[in-house]
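> Just dropping this structure here.
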Amino acid sequence: MSHSNPPSPRRFAATGPLSGRIAVPGDKSISHRAIMLGALAVGETRVTGLLEGEDVLATAAAMRAMGASVERGADGTWSIHGVGVGSLLQPGAALDMGNSGTSTRLLMGLIASHPIRAVFTGDASLSRRPMGRVMAPLSRMGAAFEASPGDTLPLMLRGISPAVPISYRLPVASAQVKSAVLLAGLNTAGLTRVIEPVPTRDHSERMLRGFGAAIAVGEEDGARVIELTGEADLTPQTIAVPGDPSSAAFFAVAALLVPGSDLTIENVGLNPTRAALYDVLREMGARIEEHDPREVGGEPVADLRVRHSQLTGVAVDPALAPAMIDEFPVLFVAAALAAGTTTTTGLEELRVKESDRLAAMAAALTLAGARVEERADGLVIEGSGGDPLRGTPAGGQVATHLDHRIAMAMAVAGLASRDGIEIDDTAPVATSFPAFETLLGEAQA
Numbered sequence: 001m002s003h004s005n006p007p008s009p010r011r012f013a014a015t016g017p018l019s020g021r022i023a024v025p026g027d028k029s030i031s032h033r034a035i036m037l038g039a040l041a042v043g044e045t046r047v048t049g050l051l052e053g054e055d056v057l058a059t060a061a062a063m064r065a066m067g068a069s070v071e072r073g074a075d076g077t078w079s080i081h082g083v084g085v086g087s088l089l090q091p092g093a094a095l096d097m098g099n100s101g102t103s104t105r106l107l108m109g110l111i112a113s114h115p116i117r118a119v120f121t122g123d124a125s126l127s128r129r130p131m132g133r134v135m136a137p138l139s140r141m142g143a144a145f146e147a148s149p150g151d152t153l154p155l156m157l158r159g160i161s162p163a164v165p166i167s168y169r170l171p172v173a174s175a176q177v178k179s180a181v182l183l184a185g186l187n188t189a190g191l192t193r194v195i196e197p198v199p200t201r202d203h204s205e206r207m208l209r210g211f212g213a214a215i216a217v218g219e220e221d222g223a224r225v226i227e228l229t230g231e232a233d234l235t236p237q238t239i240a241v242p243g244d245p246s247s248a249a250f251f252a253v254a255a256l257l258v259p260g261s262d263l264t265i266e267n268v269g270l271n272p273t274r275a276a277l278y279d280v281l282r283e284m285g286a287r288i289e290e291h292d293p294r295e296v297g298g299e300p301v302a303d304l305r306v307r308h309s310q311l312t313g314v315a316v317d318p319a320l321a322p323a324m325i326d327e328f329p330v331l332f333v334a335a336a337l338a339a340g341t342t343t344t345t346g347l348e349e350l351r352v353k354e355s356d357r358l359a360a361m362a363a364a365l366t367l368a369g370a371r372v373e374e375r376a377d378g379l380v381i382e383g384s385g386g387d388p389l390r391g392t393p394a395g396g397q398v399a400t401h402l403d404h405r406i407a408m409a410m411a412v413a414g415l416a417s418r419d420g421i422e423i424d425d426t427a428p429v430a431t432s433f434p435a436f437e438t439l440l441g442e443a444q445a
């Protein structure tokens, strides 16, 4: 999972419209949580539609290392036999998280209230990402940490039981920090509270409730408050993971930008804490229709029909950022081909993702011929009015910085370019979307 293999460059170029029906892999956020909570429930949890990317497999490997059985059946259904809350075993070796920040931060919460020690390692990209925002509340609960400079990996965590229940107000909008505290609260007697002034994705709350945890969501002084009562007994579940809206976003934007496209993306999760990108795209003039809206495993789902559209630049409301934080790279691509100016602000969080996504996308789009101004908290993009981007010059490659979303976003840009766009390395795409290139070929067939 360390991406030590030689880079795998590829040139993406216009090859015609996207059409037909496709299904994207399962939601990554839900897949992580299904494995973790299944591993804490006594009995068998069965999961269909699980995302089988490197990030989720890192979570599966970590839970196996702590005593759970996590296995894939021949029919693609995953079977998880859990050990019970409070019964995680001491892992015999370091937990290699590969490129997965979600795995790392959520597992830190899970382990913090167990009397075991764990060492977390990761690839070069993950090892640059700060973990201090998770360490702070977990330290208040009694866990101890020894981290590398800058609160980065490699990192050693010493959990504690009994841990101390806390009331924690999130200083920044972060579903990962919220989830880490709630997961720590599962094995902590008493009431663990998380106060979030800005709502973030709520998959943890939905799934914890589904597994039988005593969890309540309310409001206090205008802030969202989540309360979890430990110690919890979780009940095994049967879970159908909906299609990942972040993965669907790349195909939706590609269909919007490539003339003649008419593509239906099936079974897309449209949790309102995740789906703001589609609202912004519609504001820009995108023709996106929701068909057969339904609920799958407690999550709203629909089929999305997306047709080529002439987009217009907008000023994106920074309040929407938490509900589309992972989709900004591909939104920047849409903005680069829209008519007029798109302005984004309040995106400091993008500088501490798998890469500095503001700097990486500004450099990548500029290299491909777009007009981009990088600011401290966002990008200002002057769109081409629908004209294809020039593409990367001879000998020029987009630097993806081991970031799967930079690679996929610029692959989409390549489909809407005149000369094609050369990506320096597509290997990181396997962390979240191993079948990306295959599915792209199917949509263009």
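When we follow UniProt numbering, the leftmost residue of the sequence shown carries the number 1, and every step to the right adds one. Glycine is no exception: its CB is placed at the ideal position from the N, C-alpha and C atoms.
#1: List, from N- to C-terminal side, the alpha helix (DSSP H) runs of 4 residues or more that fit wholly inside the segment 150-230.
#2: Kindly confirm or deny that the segment 317-333 and the segment 353-362 touch, where touching means at least three C-beta pairs closer than 8 Å.
#3: Taking only the alpha-carbon atoms, compute the straight-line gap between R140 and I226 and give it to the nearest angstrom.
#4: Measure the alpha-carbon distance for T312 versus P259 and round it to whole angstroms.
#5: By the three-class DSSP mapping on this structure, what secondary structure does E354 have?
#6: Taking a contact to mean a Cβ-Cβ separation below 8 Å, would you say L89 touches G67 in this structure?
#7: Whole-angstrom Cβ separation of L95 and V134, contact assumed at under 8 Å?
#8: Assuming E374 and V398 form a contact by the criterion Cβ under 8 Å, report the distance between their Cβ atoms to the nearest whole angstrom.
#9: In terms of alpha-carbon separation, which member of L337, S161, L153 and M131 lies closest to A143?
#10: Quick one: grab the DSSP three-state call for S432.
#11: Which residue's Cα is closest to the Cα of G73: V47, V83, V296 and Q176?
#12: Report the residue from G441, I22, G369 and A364 whose alpha carbon sits nearest the alpha carbon of R418.
#13: Taking all protein chains shown into account, do 16 or more other C-beta atoms lie within 10 angstroms of the C-beta of R274, making it buried, or fewer, making it exposed?
#14: Quick check on E299: buried or exposed, where buried means 16 or more other Cβ atoms within 10 Å of its Cβ?
#15: Taking the alpha-carbon of T344 as reference, which of A359, L365, A321 and A360 has the nearest alpha-carbon?
#16: Just to confirm the assignment, what range does the beta strand (DSSP E) spanning H114 have?
#17: To which residues does DSSP link P300 through a beta bridge?
#18: Going by DSSP, which residues form a beta bridge with F250?
With the structure as the only source:
#1: Taken in chain order, the unbroken stretches of alpha helix (DSSP H) that lie wholly in the segment 150-230 and span 4 residues or more are 175-185 and 203-210.
#2: Cβ pair count under 8 Å is three or more, so yes.
#3: The residue you call residue 140 lines up with position 140 of the sequence shown. The residue you call residue 226 lines up with position 226 of the sequence shown. Looking at the two C-alpha atoms, the distance is approximately 18 Å.
#4: One-based indexing of the sequence shown puts residue 312 at position 312. One-based indexing of the sequence shown puts residue 259 at position 259. Looking at the two C-alpha atoms, the distance is approximately 16 Å.
#5: Looking up residue 354 in the sequence shown gives position 354. If DSSP states are grouped into helix, strand and coil, E354 belongs with coil.
#6: Counting from 1 along the sequence shown, the entry for residue 89 is found at position 89. Counting from 1 along the sequence shown, the entry for residue 67 is found at position 67. Cβ atoms of L89 and G67: closer than 8 Å.
#7: The count along the sequence shown starts at 1 and reaches residue 95 at position 95. The count along the sequence shown starts at 1 and reaches residue 134 at position 134. Incorrect: roughly 15 Å between the Cβ atoms, too far for contact.
#8: Sequence index remark: in the sequence shown, residue 374 carries index 374 (1-based). Sequence index remark: in the sequence shown, residue 398 carries index 398 (1-based). So it is not a contact: roughly 15 Å between Cβ atoms.
#9: Along the sequence shown, read from residue 1 onward, the residue named residue 143 stands at position 143. Of L337, S161, L153 and M131, the smallest CA-CA separation from A143 is found for S161.
#10: Position 432 of the sequence shown, counted from the first residue, corresponds to residue 432. Correct three-state label for S432: coil.
#11: Taking the sequence shown and counting its residues from 1, the one referred to as residue 73 is at position 73. The shortest Cα separation from G73 among V47, V83, V296 and Q176 belongs to V47.
#12: If you number the sequence shown from 1, residue 418 lands on position 418. With distances taken between Cα atoms, R418 lies closest to G369.
#13: Your numbering for residue 274 matches position 274 in the sequence shown. Sixteen is the threshold: when 16 or more other Cβ atoms of the shown chains lie within 10 Å of the Cβ of R274, as they do, the residue is buried.
#14: In the sequence shown, residue 299 corresponds to position 299, counting from 1. A buried status is given to E299, since no fewer than 16 other beta-carbon atoms sit within 10 Å of its beta-carbon.
#15: Residue mapping note: residue 344 aligns to position 344 of the sequence shown, counting from 1. Of the candidates A359, L365, A321 and A360, the one whose C-alpha sits nearest the C-alpha of T344 is A321.
#16: As a working note, residue 114 is residue 114 in the sequence shown. Judged by DSSP secondary structure, H114 falls outside any beta strand (DSSP E); it is assigned neither H nor E.
#17: Numbered from 1 along the sequence shown, position 300 holds the residue referred to as residue 300. According to DSSP, which records beta bridges pairwise, P300 is partnered with E295.
#18: Residue 250 sits at position 250 when you count from the first residue of the sequence shown. Note: F250 sits in no beta bridge, so no partner.
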